[in-house]
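Quick note on UniProt numbering: the sequence shown kicks off at 1 and runs consecutively. In this text, a Cβ means the ideal position worked out from N, Cα and C, and glycines have one as well. What you are looking at is a predicted structure, and each value in this text was computed from that prediction instead of being measured.
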Amino acid sequence: MELNKLTFEPQPRTPHQVFDLTLLFVRRNFWSLFSLYLGLLIPIVLFGTLLFGVYYTSLLVWWLKPLLERPLLHYLANNSFGIQTKWQQSIKAITQLKLIDILKMLTIHRLSANRAYLAPVEQLERQNATQTTKRKNILKNRCDNKQFWWMILCVHIELVITGVLVGAFFALFPDTMPINDQFSIEYFNNETFEQVYFIGYLIAISCIAPYFTTGGFLMYLNSRIKLEAWDIELSFKRIAAKFSQICLIGLISSLLFIQSQPAYAESNESFSEKIEKLEKQLNKTKKEEPEYQRTEQLNQIHQDVVNIYRENELINSQSTWVPKLKDNKDSQFDLTWLKNLFESLSFLTSLSSVIGYIFWALVISLVAWVIWKIVQIFMSNNSWSRQNRKVKSNPSETHVPDFISSENNKNKWPKDLLTASKQALEQSQTRYALALLLRHSILRISQQHPNLFHKSMTENECKLALIKVIKDEQKSSYHILFDTWIALAWAHKPVTSDTILSLIETFVSFEQLQGARSES
Numbered sequence: 001m002e003l004n005k006l007t008f009e010p011q012p013r014t015p016h017q018v019f020d021l022t023l024l025f026v027r028r029n030f031w032s033l034f035s036l037y038l039g040l041l042i043p044i045v046l047f048g049t050l051l052f053g054v055y056y057t058s059l060l061v062w063w064l065k066p067l068l069e070r071p072l073l074h075y076l077a078n079n080s081f082g083i084q085t086k087w088q089q090s091i092k093a094i095t096q097l098k099l100i101d102i103l104k105m106l107t108i109h110r111l112s113a114n115r116a117y118l119a120p121v122e123q124l125e126r127q128n129a130t131q132t133t134k135r136k137n138i139l140k141n142r143c144d145n146k147q148f149w150w151m152i153l154c155v156h157i158e159l160v161i162t163g164v165l166v167g168a169f170f171a172l173f174p175d176t177m178p179i180n181d182q183f184s185i186e187y188f189n190n191e192t193f194e195q196v197y198f199i200g201y202l203i204a205i206s207c208i209a210p211y212f213t214t215g216g217f218l219m220y221l222n223s224r225i226k227l228e229a230w231d232i233e234l235s236f237k238r239i240a241a242k243f244s245q246i247c248l249i250g251l252i253s254s255l256l257f258i259q260s261q262p263a264y265a266e267s268n269e270s271f272s273e274k275i276e277k278l279e280k281q282l283n284k285t286k287k288e289e290p291e292y293q294r295t296e297q298l299n300q301i302h303q304d305v306v307n308i309y310r311e312n313e314l315i316n317s318q319s320t321w322v323p324k325l326k327d328n329k330d331s332q333f334d335l336t337w338l339k340n341l342f343e344s345l346s347f348l349t350s351l352s353s354v355i356g357y358i359f360w361a362l363v364i365s366l367v368a369w370v371i372w373k374i375v376q377i378f379m380s381n382n383s384w385s386r387q388n389r390k391v392k393s394n395p396s397e398t399h400v401p402d403f404i405s406s407e408n409n410k411n412k413w414p415k416d417l418l419t420a421s422k423q424a425l426e427q428s429q430t431r432y433a434l435a436l437l438l439r440h441s442i443l444r445i446s447q448q449h450p451n452l453f454h455k456s457m458t459e460n461e462c463k464l465a466l467i468k469v470i471k472d473e474q475k476s477s478y479h480i481l482f483d484t485w486i487a488l489a490w491a492h493k494p495v496t497s498d499t500i501l502s503l504i505e506t507f508v509s510f511e512q513l514q515g516a517r518s519e520s
């Protein structure tokens with residue numbers, strides 16, 4: 001892996017910068033990735049539709065999406081380092097995967113949001129199981145990858161593209177769906193709707209798969225850059241290259257200062273004399289070499305050996321006709337790997353029922369989890385459900401802000417806060433009396449509006465929250481209460497006992513009025 005051949009600058013990036021780089025990278029290679037993914041998808045769709053129908057084929061395509069993304073990863077890995085790759089080589093990359101990795105990606109890791117981020121560890125690094133697990137843990141725990149939100153974004157864009165394509169079809173060809181059947185149960189059970197939705201889904205995933213796979217792969221490279229300091233290594237290599245060039249220039253320049261010795265040409269007379277000597281040697285008559293002649297005894301022995309081989313069959317020979325076959329090395333597409341793959345998976349037929357139960361159990365658990373989350377959101381966002389809940393027995397721990405809780409050094413507060421406030425005022429504990437009165441007012445409002453206060457709120461935030469929910473005739477009393485507390489606690493101004501006593505009597509009247517209304 002030569003870092004200087006990377007098609008982008010290897011430097012640490014934030015997840016958002018990596019996703020921006022993904023858009024630029026896919027824009028340059030979109031048609032290659034799109035055609036590669038579509039070429040893998042079309043045979044599966046054709047065979048699945050003929051054998052199982054549209055509904056089960058759509059489930060099969062969704063289930064095989066992690067496996068179909070691996071040829072895209074092979075193409076991206078080579079192209080990111082400037083290596084030209086054919087689509088046949090990218091498809092054959094599936095055969096290099098381990099069977100256990102294929103089973104994991106299609107079962108327990110099928111719904112993993114990190115599948116595009118961790119796929120290069122299995123496919124490109126090719127380490128043993130222990131090293132692969134350590135590498136995955138490091139990439140997940142020590143690097144901020146944001147793969148969950150990247151997957152959520154891609155899924156939503158797939159849904160939007162599918163909906164737009166389906167809506168555009170029925171808008172352009174309204175005769176395919178009668179107006180009386182629209183938005184009914186028969187509308188969604190119609191065969192035409194299933195086919196149009198399936199085609200729109202195939203186009204959507206073919207468009208989004210290059211972005212999803214590229215985002216995970218570039219995030220993997222970004223994590224490697226951060227962990228292994230590729231940018232620093234490449235900087236040192238550039239410095240070394242510049243330094244070697246400078247040394248070469250200096251060496252060549254130093255040769256200019258070395259004094260050279262002159263060379264003299266030989267005279268023409270000596271050269272002509274040498275030529276004459278060579279011509280004389282060539283013109284000398286060569287002695288004829290005697291030709292080798294075989295003796296009569298050797299000829300007789302040779303003839304005897306030949307006769308023996310003719311009369312006796314000492315070597316068994318057999319003639320066979322071999323057909324001249326064409327060389328299959330030049331074939332553009334070889335499906336033997338697919339045959340071997342299906343043969344290696346033949347043992348799963350005995351486990352088909354178990355795999356089916358596991359798959360449907362995962363689907364049912366996923367649906368139950370989604371329903372539970374929807375119910376939680378619905379219960380938390382509806383006011384009628386909040387009003388019907390029981391108020392906690394000890395609301396002081398959850399609804400009273402910290403600036404009031406810090407005024408009590410003891411662990412327990414008195415039950416009757418108004419009476420305790422009067423007693424504290426009689427003992428000249430002005431600050432504590434005012435804190436008890438504030439606690440009473442906040443707990444009183446918290447019973448009607450449980451989620452109005454939280455512990456980190458300040459005095460001004462509490463006052464603004466109270467003004468929005470209390471009645472108009474009570475607003476002035478709450479204004480005086482909080483202003484008095486701020487003047488005493490923060491400005492350290494003296495507060496008269498009469499002011500606090502009048503506030504206590506006012507809140508006592510509020511309690512009496514509320515009790516009279518509840519009795520009536």
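Along the chain, where does the alpha helix (DSSP H) containing residue i start, and where does it finish?
| i | result |
| --- | --- |
| THR22 | 15-51 |
| ASN78 | 70-79 |
| ASN190 | That residue, ASN190, is in no alpha helix (DSSP H); it is neither H nor E in DSSP. |
| ARG310 | 296-311 |
| GLY82 | Here GLY82 belongs to no alpha helix (DSSP H), and DSSP marks it neither H nor E. |
| ALA168 | 147-172 |
| SER58 | 54-63 |
| SER421 | 417-426 |
| PHE403 | 402-405 |
Using C-beta distances below 7 Å, list every residue in its chain close to residue i, excluding the 5 sequence neighbours before and after it, in chain order.
| i | result |
| --- | --- |
| LEU36 | PRO71, LEU72, TYR75, TRP87, SER90 |
| ALA113 | GLN147, PHE148, MET151 |
| THR132 | VAL121, GLU122 |
| residue 595 | The question about residue 595 has no answer, for the chain in this structure spans 1 to 520. |
| TRP337 | LYS92, THR95 |
| TRP369 | none |
| VAL508 | LEU418 |
Quick check on residue i: buried or exposed, where buried means 16 or more other Cβ atoms within 10 Å of its Cβ?
| i | result |
| --- | --- |
| ASN222 | buried |
| MET379 | exposed |
| PRO10 | buried |
| TYR117 | buried |
| ARG126 | exposed |
| ALA77 | buried |
| PHE198 | buried |
| ASN388 | Caution is warranted here: a pLDDT of 46 is assigned to ASN388, below 50, making its placement in the model unreliable, and the coordinate value is therefore given only provisionally. With fewer than 16 other Cβ atoms within 10 Å, it is exposed. |
| ARG115 | buried |
| GLU426 | exposed |
| PHE19 | buried |
| VAL196 | buried |
| GLY200 | buried |
| PHE25 | buried |
| ILE205 | buried |
| TYR357 | exposed |
| HIS156 | exposed |
| TYR211 | buried |
| PRO494 | exposed |
Only counting the same chain, and skipping five residues up and downstream in sequence, which positions put a Cβ closer than 6 Å to that of residue i?
| i | result |
| --- | --- |
| ARG135 | VAL121 |
| SER477 | THR506 |
| TYR432 | ALA424 |
| LEU68 | LEU40 |
| GLU288 | The pLDDT assigned to GLU288 is 45, lower than 50, so where the model puts this residue is not dependable; a value taken from the coordinates is nonetheless given after this. Nothing listed; no residue qualifies. |
Take residue i and list the residues in its own chain whose beta-carbon comes closer than 8 Å to its own, dropping the five residues that flank it on each side.
| i | result |
| --- | --- |
| PRO414 | ALA420, LEU436 |
| PRO12 | ASN222, ILE225, LYS226, ASP231 |
Item to check | Contained alpha helix (DSSP H) runs [length at least 4] in the segment 442-480, N- to C-terminal order | outcome: 459-469
Checklist entry - Taking the runs of the beta strand (DSSP E) that are 3 residues or longer, which of them lie wholly in the segment 98-132? => result none
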